[in-house]
Each structure stands twice: as structure tokens, then as C-alpha cells.
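Protein chains in written order, with the UniProt record's numbering: chain A, 1 to 123; chain B, 1 to 123.
Input: a single structure, listed below in C-alpha cells.
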DNA sequence: TACTTCTTTAAGCAAATACTTAAATAATAA
DNA sequence: TTATTATTTAAGTATTTGCTTAAAGAAGTA
């Protein structure tokens, strides 16, 4: 790993910078994975979809479209992104597909939803 | 609030749908605010910037550019987004601007970073 | 004053995003 | 089989994003 330190400030603690770099390097995959998850949740529609799925246990695209007053294809494409990120899985019952949270990812989203409801209480 | 329920499935519990809609409506501002926060953190570069600021207490654009091996303007523009979202504030020391987390927003990010480090441990 | 350093801002552009409409699957019912 | 319903996929498009380079502020130094 080649290092190019351009900052010439006297205060710049180069050891600290090198330390930060190696820490980040060792966690690079985690930052990739986490920023991907957060970018999925960082859309108002998708955050609501995730909240509804978490609250209700499972949800179908049709009901989500009704609740969020959006077109079914728009919902379906959001669901696809969430599913591709490995956050939800589907179960088929006849014509209907029910989506639910994967247990691996529930923890983070629960803490996010807790924050949302905290805002609600304070406001 | 006019409701248009297009789903004709026998299983569709309309009372449940109405309930979901009113819950979301009462929390609409929270979803806006939270999805905004998550979209800020949902970028690998910004997530690393936030992590570094949280770990080190404060950070200047110059050092962040060095650590992340990116141009200073690119970093500055990311910082602007984070600052505009009200997540960080700046303190000037001579020519250098030091950015630090606002205490209002630390809780959510701490839980996110805890999740990141958890991934680290498991992996 | 002029010069350097740290930082932000502006303009330009390629890529990604989030919708729309239309078409294609998949399962059920007549 | 045909028709209906739930869902996905594809193509098109306007907007947003994240960088680049160049220019402009802001503060310290000679």
C-alpha cells in the first residue's frame, strides 16, 4: 500500500493517519456491505417498505402499492433492490408473493426503526 | 385522505391496510428525516468519513483526503452534504476546519458502527 | 504587499436512480 | 382453452449523484 501524504500541516499526525488507513483497509468489506445496506434503506419508499414488512411480518407488492399509493411496477422494482441486497426473501401463496425480512439483517433495521419511533415520541 | 384500494385479493385485510396507511401518515416526517440520514450514510466514502470523525473525535478535509486517497474537492463536497444534513459541525483553527459529529445524531451512527465492527468480528 | 496553504464553490459530464408505460410470466378460475 | 389476477421485466426518460478541473475565499507567513 503506497501512501501519499499531501497535507503539510504541522498538526498532521502522520502516524495517526497511517493508523486510520490500515484500520479502514482491514474493514473495507464491512464498509462496502454496510453502505450498500444503508443506501437501500436511504430511500423513503424503501424505508417504508422495510418498516411495513418488519411490522406486519410479511407483505405482498400489491398491498404495498395500495398503502404507499404507488404503481405496482415501481414497488416491484424497489423490492427487487431490497431482495438483491439479501435483506428480504419471498414465499409464494398462490398468485401472491409474500416478502419478509431475513433474520441476518433484522438487527440493524430494528435499531433504525427504534430511532424512527424515538423521533416520533420526541416530536 | 382518499383511499384507493386496488387489490382485490380475498386475503387483503382492508382494515390492516388502512391501519398501515394511517401509521405511516403519522410518521411521515420521521421517515423523511431518517431516509435522508441513511442516504447520507449510504455511500461508502461518506460512511468512512463519518466513521473516522466518530473514531477520532474530529477530522479536517485535508487529512480525510489523504486517508481516503481522494481529491480534496471530492471530500469537501461529501462533507457539505453531511453538514447540510445537520450531522456534523465545524470548528476553525487557523486555516484548518475541524468537523465533528453533532451529539443529536451520534446515537444512530454509533449503532451503525457497532454493526460494522460486529461484521468485522464475525468475518 | 505577495505568496503559500486549507478549504469551498462552480461548471461540466458520465453514471446511477426512480419513475413511467407496455409487455411478459405465473398461477388461478371459468 | 381463455380470461383474470399478481407479479416481474424491459425500455424510455428526467432527475440526481459523484466525480473532475478550474476558480475563488480565507487565513497565515515572508
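All C-beta atoms, glycine included, are put in the ideal place defined by N, C-alpha and C.
Distance CB(residue i)-CB(residue j) smaller than 8 Å
| i | j | result |
| --- | --- | --- |
| residue 85(B) | residue 36(B) | yes |
| residue 34(B) | residue 49(A) | no |
| residue 109(A) | residue 101(A) | yes |
| residue 140(A) | residue 79(A) | What is shown of chain A runs 1 to 123, which leaves residue 140(A) out entirely. |
| residue 112(B) | residue 24(A) | no |
Where residue i meets chain A, residues with beta-carbon distance less than 8 Å
| i | result |
| --- | --- |
| residue 31(B) | 44, 47, 48, 51, 116 |
Residue from the options whose Cα sits closest to the Cα of residue i
| i | options | result |
| --- | --- | --- |
| residue 64(A) | 97(A), 87(A), 41(A), 38(A) | 97(A) |
| residue 81(B) | 107(B), 112(B), 43(B) | 43(B) |
Where residue i meets chain A, residues with beta-carbon distance less than 9 Å
| i | result |
| --- | --- |
| residue 35(B) | 41, 42, 43, 44, 45, 46, 47, 48 |
| residue 21(B) | 66, 67, 68, 69 |
| residue 24(B) | 48, 51, 52, 67, 68 |
Cα-Cα separation between residue i and residue j, rounded to whole angstroms
| i | j | result |
| --- | --- | --- |
| residue 29(B) | residue 20(B) | 16 Å |
| residue 88(A) | residue 104(A) | 10 Å |
| residue 69(A) | residue 53(A) | 16 Å |
| residue 58(A) | residue 92(B) | 50 Å |
| residue 62(A) | residue 26(A) | 43 Å |
| residue 39(A) | residue 14(A) | 32 Å |
| residue 56(B) | residue 83(A) | 35 Å |
| residue 107(A) | residue 114(B) | 11 Å |
| residue 22(A) | residue 90(A) | 39 Å |
Chain-ordered neighbours of residue i on chain A, where CB pairs are closer than 7 Å
| i | result |
| --- | --- |
| residue 111(B) | 111 |
Own chain, CB closer than 8 Å to residue i, minus 5 neighbours either side, in chain order
| i | result |
| --- | --- |
| residue 71(B) | 65 |
| residue 76(B) | 61 |
6 Å CB neighbourhood of residue i in its chain, flanking five on each side removed
| i | result |
| --- | --- |
| residue 47(B) | 41 |
| residue 17(B) | none |
| residue 45(B) | 78 |
| residue 32(A) | none |
Neighbourhood of residue i by C-beta distance below 7 Å, restricted to the same chain and skipping five residues each side
| i | result |
| --- | --- |
| residue 95(A) | none |
Under 7 Å by beta carbon: chain B residues contacting residue i
| i | result |
| --- | --- |
| residue 104(A) | Per Cβ cutoff of 7 Å: no residues; residue 104(A) is ~10 Å from chain B at best. |
| residue 17(A) | 63, 66, 67 |
Under 9 Å from the C-beta of residue i: neighbouring residues of chain B
| i | result |
| --- | --- |
| residue 101(A) | Neighbours of residue 101(A) on chain B: none; closest Cβ ~15 Å, over 9 Å. |
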